[in-house]
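Chains as they are written, first to last, in my numbering: chain A, 1 to 328; chain S, 1001 to 1336.
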């Protein structure tokens, strides 16, 4: 990507998401946003939207997740394009509306409805929030047919993917990783959108493929820097969307490097990394020169203490170790 | 509320169509071994009929597992419904929904629903759309039962609709049993309608066997909704003639005397007893409507039986609006 300084701005992922929503709300008056405490923009990405679009289209909700996440389904079924702001940890109380209604309705109805809904799910892990607020359970939504799952790792991807998610006619779970929401990146002035299902190589390499998502991408890039000092050339591939998943890009990269480390911040069991490892084991087996390394969060609940929580997640060091293991 | 002769005949026709659909269609479904989970709304015909008589295709309803009556009253084609019950490609859901998911978006019918009270927030969302886009002139009705009255999402939804002043009618069809659990056991209040006070909306309790009582109460609720004054909770006391499903023997939890009491208050019978003595409509006219409904069901069964089953290729259709089937199969060497 070649951009001159005049054409891009250095903004945070939060600002990028705000811009995407603002531009789409200007473009299409069926788009509206609902959630808790969004008019005041307490948590950032919705800041200023109520001032521009008013309280009807930027709608504060009572603390009734099952009702308002279900109301989004009803509104989408009859012509609106709702964006629902929430956090992963609060989606559990709305699972009927999300799973039994949003994900299944199109199929159950024989294709009679489009459900253009974006469920924005904040992931609060890594901030000493303890077990109730640190959920990263997006693989659950990979498991359920009907949802698309998007996971941006930088400002550029965030804006482009959010625009596509809002324009998409299926329910989209849009993961917002709070460990990277403040990170800055270059974002063009011009309108652009990134298609779902297209992975991005964040760093090219030849010895080992590291597939990482969301907040694991900067850690994988840091690991690649360390490995480079040891003469190991690591390729870092970000799928950017988990459903649809760019299976071919992953297989192509493994065909080139012969080694795979797959990194996820979900619990290891049945994680996105597990699915990616299964795909490569099944379809890329003859490319592999070493066993696949799968990294994820320890299969425990997230503890509060700063002495314990950091032990749960993959780090640049553990990613680099896993890459080295594939080369032993 | 004054009704024309034609409108009264239409009320009877809707009730008769529902009754014959349930009485004829459900045993046929059983014979074809399509599903154990079919719920008859026989006995409850007056409720959807009295309410949907106020609605057009532009209005919305959300329904329940016991939803055939809601579908018919909202204008869904009984022939297509029968095909759906038989799992045929000509059903409104192409055979993928069955009894508990019948939907017809062209009629504003947002689906019968397999989860108790789960369609209530969907109707609230349709009501929100009406407020945002149609100046409250489209009304959304959320049907639920006395079992659904105790679901948290109903209470969240009533609060939401009240806070936002949405054109929604929360219609409780109180048929007095949640499967086998009597409402006296499960409900903390005397009436479901009493709970409206907590959500600052009118709570109306009517005889749900009397289609005119339901019609009048619904008229008030629709007028309030379209005036932008917000939602209404309307409880209709009614009775289901059969068990929860075809496998349920209701005499294990209620008495024959009780059943006879309610069958004596049958909504179609009550209609005749009210209307015929007034002289404008004759018993023969109503008999004729009954015969037409019977014939329609024979036609529906023939249509369903002669309709094709879905093709195996349909399995992967409509999971998403657009999505490569190869990716859904998740593995190049996998067929399913």
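In this text, a Cβ means the ideal position worked out from N, Cα and C, and glycines have one as well.
Taking residue 1235 of chain S as reference, the option from S:1177, S:1146, S:1260 and S:1268 with the minimal CA-CA separation is S:1146. For residue 259 of chain A, the secondary structure class from DSSP, reduced to helix, strand or coil, is coil.
When C-beta distances to chain S are compared with 8 Å, the residues of the segment 86 to 107 of chain A below that value are 96, 97, 100, 101, 105, 106 and 107, in chain order. Secondary structure note for residue 1172 of chain S: its beta strand (DSSP E) is the uninterrupted segment 1168 to 1174. Between the alpha carbons of residue 1201 of chain S and residue 1127 of chain S lies a distance of about 15 Å. One finds nothing in chain A with a Cβ atom closer than 8 Å to the Cβ of residue 1312 of chain S; even the nearest lies about 15 Å away. Excluding the 5 residues flanking it on each side, residue 134 of chain A has same chain C-beta neighbours closer than 7 Å at 124, 125 and 302, in chain order. Using a CB distance cut-off of 7 Å, residue 1035 of chain S does not count as an interface residue toward chain A. Membership of residue 34 of chain A in the beta strand (DSSP E) is indicated by the continuous run 31 to 35. Bounds of the beta strand (DSSP E) holding residue 122 of chain A are 118 to 123. Per DSSP, residue 1060 of chain S is one residue of the beta strand (DSSP E) stretching across 1060 to 1062. Separation of residue 1215 of chain S and residue 264 of chain A (C-alpha to C-alpha, rounded to the nearest whole angstrom) is 57 Å.
Secondary structure of residue 1270 of chain S (DSSP, three-state): helix. At a cut-off of 7 Å between beta-carbon atoms, residue 112 of chain A makes contact with chain S. Judged by DSSP secondary structure, residue 1104 of chain S falls outside any beta strand (DSSP E); it is assigned neither H nor E. For residue 218 of chain A, the enclosing alpha helix (DSSP H) covers residues 216 to 229.
Any Cβ of chain A closer than 7 Å to the Cβ of residue 1237 of chain S would place that residue at the interface, and such an atom is absent. Inter-segment contact for the segment 200 to 210 of chain A and the segment 229 to 246 of chain A is present: three or more beta-carbon pairs are separated by less than 8 Å. The C-beta of residue 1124 of chain S has 16 or more other C-beta atoms within 10 Å across all chains shown, which makes the residue buried. Judged by DSSP in its simplified three-state form, residue 180 of chain A adopts coil rather than helix or strand. Judged by DSSP in its simplified three-state form, residue 66 of chain A adopts helix. Contact fails between the segment 265 to 273 of chain A and the segment 1006 to 1018 of chain S, because fewer than three Cβ pairs, one in each stretch, are under 8 Å apart. In its chain, beyond the 5 residues on either side, 1091, 1092, 1093, 1095, 1097, 1098 and 1102 have a beta carbon closer than 7 Å to the beta carbon of residue 1084 of chain S.
In terms of Cα proximity to residue 1178 of chain S, the closest of S:1187, S:1170 and S:1076 is S:1187. When secondary structure is reduced to three states using DSSP, residue 282 of chain A falls in the helix class. Within 8 Å of the CB of residue 244 of chain A, the CB atoms of chain S belong to 1323, 1324 and 1327, in sequence order along the chain. The closest CA to that of residue 1253 of chain S, considering only S:1185, S:1226, S:1271 and S:1288, is found on S:1185.
Proximity of residue 287 of chain A to chain S, defined by a Cβ-Cβ separation below 7 Å, is not satisfied. In the DSSP annotation of this structure, residue 1112 of chain S is not part of any beta strand (DSSP E), being labelled neither H nor E.
The beta carbon of residue 1059 of chain S sits closer than 6 Å to those of 1108, 1138 and 1139, all from its chain and outside the five residues before and after it, given in chain order.
Counting the other CB atoms within 10 Å of its CB gives residue 1263 of chain S a total below 16, which places it among the exposed residues. For residue 62 of chain A, the C-beta contacts it makes with chain S under 9 Å involve 1156, 1159, 1160 and 1163, in order along the chain. Between the segment 1068 to 1077 of chain S and the segment 1018 to 1026 of chain S, the count of Cβ pairs shorter than 8 Å is three or higher; the stretches touch. Between the alpha carbons of residue 224 of chain A and residue 320 of chain A lies a gap of roughly 7 Å. Taking a Cβ-Cβ cut-off of 7 Å, the neighbours of residue 170 of chain A in chain S comprise 1320 and 1321, given in sequence order.
Out of S:1086, S:1258 and S:1323, the CA that lies nearest to the CA of residue 1300 of chain S is found in S:1086.
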